[in-house]
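Asker: So the sequence shown is numbered by our numbering: it starts at 55 and just counts up by one. Pasting a structure here, questions to come.
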Amino acid sequence: FYYITAEVWDKCGGYQINDYQCPTSLSPYTVQQVTATSAVVKWTGISPALQHYEVEVKKQGNVTWDSYATDAPHDSLMLVALQPNTIYEYRIIWYCDTSQPASGMTSTDTFSTRCEVPQGLSTTHVGSNTARLNWTPDNAADGYDILLAPVGGTIQAIQVSGGNAGFYYATGLIANTTYTWRIRKQCQRNSEYSGAQSFTTLSGGGTGGGCLPVDTIWTTRITPTSARLNWTDATVADGYQIRGRGLGVPSWTYLTFATTQGRKDVSGLPYNIEIEWQMRRLCNAGADTSIWSGLDTFKTVCQPPDSVWTGPVTSSGARLNWKRVVGAVGYEIRGRRSGGTWINLLAGGGTTTSKDVFGLQAATIYNWKIRSWCDVNGIAKSVYSVTDTFMTNSGARMRGSDNHSGFGTQDGIMVYPNPSRGVFIVTGWFGEDETIGLK
């Protein structure tokens, strides 16, 4: 149909009548200015007959379309609140008379949003010829592109494979020089480059030259007098040097050694103090050293079990389980019926990892927690673990023919104290003429 206007006054003092045909196509149309969360849809074929446009968009594979609208004479529309690294389908609908059905619609086309720009950027482990460039890894990315250059110098393009990579060691740098670097994610449609990060290499002097530092350090298996110092390393060094000290102590204690295990056990530490430590690699038979790693801190205390759980559970008994603690000589369990008074039980032996408890009430909720003893006198004790909660089963009392082995029956036998020095009390449900054997 035609849309007719008579709004133009001609030189002869009359109206000039124009007939405008409603377009049958908006081609070509494109998607421009694509970011991780937005895009601009632009079209041509503009006609004065056009009054209104709608752009429909959806994630590829979805059924429902989202609609964005604009009126003439606009020839573009911005889509917002999109998801990064996602394929979208879109189409354009146009109207020459908004009181009538749509005048036309383009075919469905697709575009992809960009990845998000990498976050968490920092530069660490800076030496005279090396530096570590860090970012937050994204497993959805295919990899990363890095642009690295000395200020005013030639740009070096670096590719890092794998989205789970979170750092890159730059080597062969010039001492006492300021560098800048930027990074983008590789994906279906690469992200934009990040803002520039800068750092300055150290002056020469034998630390950090071509000897890369260790990646990460951490501490495990902490006891009141010992600990295991751990690290990750891309390649095994000729040797390592660790230095440690109590917090606030001015002097360091050094330990130099060679290993391929990525860990070092240290003992003879003073009890109940905070210790900080760091390490560096030795290269070229010790002629060169890396820069020192960052600091890690731990406290020489008795550690509680870091995992507790209950099972199996019966109507009157339960097995309390925990993960063994290195350096423990025993454990102290604190349990109660929910809302009741706490009762303490001792479980001897540092290798013990469970305790069977009996005499519980059926269909009742119980709470328990545990702490480690790191000396037989109970002076070096840990804090309590997290509290575990369980509910006993409902069930009838034992019959005379039931098994009274102590656990795994409907009810059970309670032995107190346990362990004992030879004198103990056994309680439970027994038949009137039943013979009970203990061994």
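Beta carbons: idealized from backbone N, C-alpha and C, even for Gly.
Can you give the Cα-Cα distance for Y74 and H106, rounded to whole angstroms?
Answerer: C-alpha separation (whole angstroms): 15 Å.
Asker: Quick one: what does DSSP say G115 is sitting in, helix, strand or coil?
Answerer: In this structure, G115 counts as coil in the three-state DSSP scheme.
Asker: Whole angstroms are fine: how far does the CA of R425 sit from the CA of G393?
Answerer: One C-alpha to the other measures close to 20 Å.
Asker: Can you round the beta-carbon distance between T234 and T254 to whole angstroms, since I take them to be within the 8 Å contact cut?
Answerer: Not confirmed; about 10 Å, so no contact.
Asker: Thinking K112 and D125 are a contact (beta carbons under 8 Å), I'd like their distance in whole angstroms, please.
Answerer: Wrong, their Cβ atoms sit about 23 Å apart, outside the cutoff.
Asker: First and last residue of the beta strand (DSSP E) that includes Q213?
Answerer: Its beta strand (DSSP E) spans residues Q210 to S215.
Asker: I need the DSSP call for N230, collapsed to helix, strand or coil.
Answerer: Here N230 sits in coil by DSSP.
Asker: Run through DSSP, which three-state label would N338 get?
Answerer: N338: helix per DSSP, three-state reduction.
Asker: According to DSSP, is P366 part of a helix, a strand, or is it coil?
Answerer: In this structure, P366 counts as strand in the three-state DSSP scheme.
Asker: Can you list, in chain order, the residues of its chain with a C-beta nearer than 6 Å to that of S130? Leave out the 5 residues immediately preceding and following it.
Answerer: So the list reads V94 and K96, once near-sequence residues are dropped.
Asker: Assuming P278 and G381 are in contact, meaning their beta carbons sit under 8 Å apart, how far apart are those beta carbons, in whole angstroms?
Answerer: Right, the Cβ-Cβ distance comes to about 7 Å (below 8 Å), so this counts as a contact.
Asker: Smallest Cα separation from G158: which of C169, N116, A103 and V171?
Answerer: Comparing Cα positions, the closest option is A103.
Asker: Identify the residues that DSSP records as bridge partners of A281: which are they?
Answerer: Answer is V320.
Asker: At what residues does the beta strand (DSSP E) containing W376 begin and finish?
Answerer: Element bounds for W376: A372 to W376.
Asker: Within 10 angstroms of its Cβ, does N218 collect 16 or more other Cβ (buried), or is it exposed?
Answerer: The residue in question, N218, is exposed, as its Cβ has fewer than 16 Cβ neighbours within 10 Å.
Asker: Can you tell me the Cα-Cα spacing of V290 and T314, whole angstroms?
Answerer: Going by the C-alpha atoms only, they are around 6 Å apart.
Asker: Determine, using beta carbons only, whether P77 and W189 come nearer to each other than 9 Å.
Answerer: No, the Cβ-Cβ distance between P77 and W189 is not below 9 Å.
Asker: Going by the beta-carbon positions, is the gap between R390 and Y438 smaller than 9 Å?
Answerer: No, the Cβ-Cβ distance between R390 and Y438 is not below 9 Å.
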